[in-house]
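Heads up: the structure comes next, in structure tokens.
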Ligand code: IVH
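Residue numbers (our numbering): 1 to 700.
If you want it as structure tokens, here you go:
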């Protein structure tokens, strides 16, 4: 339908229009929006291969609707805002839907939901609206028709008016009953809507198997489900682990062709209950009945917080008016029911353009390529810069400057480039050339065998020095407040900071004269620097920035160490004998403490009064009640943070591990615990504790 050239032009146009600024005259802008929305509809509904996120698509759609509303003279009957979707592929027979399969309106925050509530109250002329809240399953829509208790037809959503007849494929899904006792309920013919999806875990396993077999990986679960439902061979469909949730009845009549909706079936919840009873996968465990919009808002937020623990991909929640009578009063637009709205979660994936790649020198000399991106909103933050790790990563993902890239952020994880979109290439993209010399001091770069990173080996490289200083003063290291990144850079540029010991030799009187640094802030800075001299030696060891020595390793290394300087005398073997210290860390620590420059640094720090010793009696865990016990914390903790929990476990001689396995002794569960809890229960060997039970265990 769209050739390569058109595809390229439309992608460029999409990028331009995403800014939401009306750059041309309004009519041209509206026409352009229509063009690209039609194009993205086609990518999504026909090809099942979208190249922008739903979030971006929704914004474009909203932009079009708003502009058309403000300029009705430019609203035409062929606008995508005036209809449901797009044409069909020809592989399966096309069948008309009994009632159109509509989409949903969208909301993004509690204000949108409150506006929705206001409009419902007006439409039904009542203040008492009961809502239901259930997941918005991120799969592919399906319509199922049962007549005389038999499944007679299954169809894809298609353009909303007609879909592709895929009955044979639907029949292989075990979650879709082949027959149901509808007649006992007075229902002769019924059309049920739902969503076909693949469980996250199944999807991951499928991709692992494909990787092992050297096959191309599936991009995401939704497209895989959509593709699978349209495969010609239903035997293959059966292998894809597809499941179907049902969430709506579009049509239901009795033997006299009279509707039973709003008669036998009176509410959405009751309808789903009936379907559940008849063997359908209705989301009864997921649905919440809410007495008002505030409760519905809370349910949406609760789900957003635990979304990652839910076994299926969901991209939001659906808030529905529960009473079918009230639904009827609200009615429908051409696009969506007025009685329901999707509450969309913050996008975790976004598409943007890679503008350039810069190379940064880290504190250990590793060169990190950093992708500079056209700023894009992703899960509540604006992303304009992302580490792209190393040369191999760039090659593996085939990243070129100028590429359109898909970036992803899940939970608290740092955003990543998931893939590039080769379809979007214009031919002007250029390869990423890795430098041969340090971008700062021009020293030849060196890549140790078996390592991914190229390194600048010049210890005096200015970039490394600045990064080492930034690390030293950072919160988890020596925690010197008032000496942040920009201040460190400024003091370095002014010649006040020349190495770590120079922090303790700052000319405070001179600093008071600097712009933006008054008497008070300099006194504060001095206080913070003096205070840092008393930090425990585990922090100091971490702050020194030795390769492979993170916070945990520093703690382990200093556990039985009375004086940090003793490390100068330890052999590699002695270091390796420490619990959980491997050969790589041991060698790195040994090398550090046998380097003349580093010894000089330590000497200067000692002379500056930095604490180098600890009382071993105090450093030992405050108790050993958790000795040899492993812990994992899941869900949202109410009593303490994850960091505090870890510290408490370690203080009592226990250990925190990262996953549920046979090695785990205790799982401490906060609110809304999900898959980890289930896994632990299934294992049967893990003891489950509440936060209070955990505190009691350590005598708090
Ligand atoms: S209700 C008239 N409920 O999301 C009935 N839809 O973006 C409207 N979807 O077309 C649909 N989960 O394919 C409804 N719990 C849910 C849903 C859901 C996923 C899909 C459905 C719809 C699309 C709109």
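C-beta atoms are modelled at their ideal positions from N, C-alpha and C, and glycine is treated no differently.
Shortest Cα-Cα distance from residue 455 to any of 28, 465, 438, 466 involves 438.
For residue 9, no pairing in a beta bridge is given by DSSP.
Going by DSSP, residue 589 is part of no beta strand (DSSP E) but of the alpha helix (DSSP H) stretching over 583-592. In this structure, residue 376 has its beta carbon at no less than 7 Å from each heavy atom of the ligand IVH. The Cβ atoms of residue 551 and residue 651 do not sit closer than 8 Å to each other. Taking non-hydrogen atoms of the ligand IVH into account, the C-beta of residue 65 is found less than 7 Å away from none of them. With contact defined as three or more Cβ pairs closer than 8 Å, the stretch 652-662 and the stretch 278-291 are not in contact. When only Cα atoms are considered, residue 526 and residue 556 end up about 31 Å apart. Scanning the stretch 352-383 for uninterrupted beta strand (DSSP E) segments of 3 residues or longer gives 367-378, listed from N- to C-terminal end. For the options 445, 320, 192, the alpha carbon positioned closest to that of residue 131 is the one of 320. Residue 416: member of the beta strand (DSSP E) spanning 416-420, first to last residue.
Between residue 403 and residue 420, the CB-CB gap stays under 8 Å.
The C-alpha of residue 120 is placed about 45 Å away from the C-alpha of residue 425. The C-beta of residue 335 has 16 or more other C-beta atoms within 10 Å across all chains shown, which makes the residue buried.
Assignment of alpha helix (DSSP H) within the stretch 444-496, counting only whole runs of 4 or more residues, yields 462-473, 485-493 in chain order. Non-local beta-carbon contacts of residue 294 in its own chain, meaning distances under 6 Å to residues more than five positions away in sequence, are absent.
The three-state secondary structure of residue 281, taken from DSSP, is coil. Judged by the Cβ position, residue 191 fails to qualify as a neighbour of the ligand IVH at the 7 Å threshold, every heavy atom of the ligand being at least this far. Three or more beta-carbon pairs separated by less than 8 Å link the stretch 176-189 to the stretch 250-259, which places the two stretches in contact. Here the distance from the Cβ of residue 50 to the nearest heavy atom of the ligand IVH is not below 7 Å. Using a C-beta cut-off of 8 Å, the stretch 358-369 makes no contact with the stretch 331-348, since fewer than three inter-stretch Cβ pairs fall below that distance. Every residue with a CB closer than 5 Å to a heavy atom of the ligand IVH is listed here in chain order: 102, 103, 104, 134, 136, 137, 141, 195, 247, 248, 318, 337. In this structure, the alpha-carbon of residue 431 lies about 17 Å from that of residue 386. Here residue 457 is exposed. Its C-beta has fewer than 16 other C-beta atoms within 10 Å. Our two residues, residue 33 and residue 56, have alpha carbons roughly 12 Å apart in a direct line. Residue environment: residue 683 is assigned as exposed (fewer than 16 neighbouring CB atoms within 10 Å of its CB, all protein chains considered). Rounded to whole angstroms, the separation of the alpha carbons of residue 541 and residue 497 is 20 Å.
About 18 Å separates the beta carbons of residue 537 and residue 588, which is beyond the 8 Å limit, so they are not a contact pair. The C-alpha of residue 609 is placed about 20 Å away from the C-alpha of residue 616. In this structure, residue 297 lies away from residue 104, with their beta-carbon atoms at least 8 Å apart.
Assigned with DSSP and collapsed to three states, residue 37 falls in helix. Looking at 247, 170, 266, 245, the one whose alpha-carbon comes closest to that of residue 236 is 170. Assignment of residue 97 by DSSP, reduced to helix, strand and coil, places it in the coil class. For residue 202, the CB contacts under 6 Å within the same chain, skipping 5 residues up- and downstream, are 241 in chain order.
As DSSP reads the structure, residue 343 sits in a beta bridge with 107, 317. Here residue 265 is near residue 324, since their CB atoms are less than 8 Å apart.
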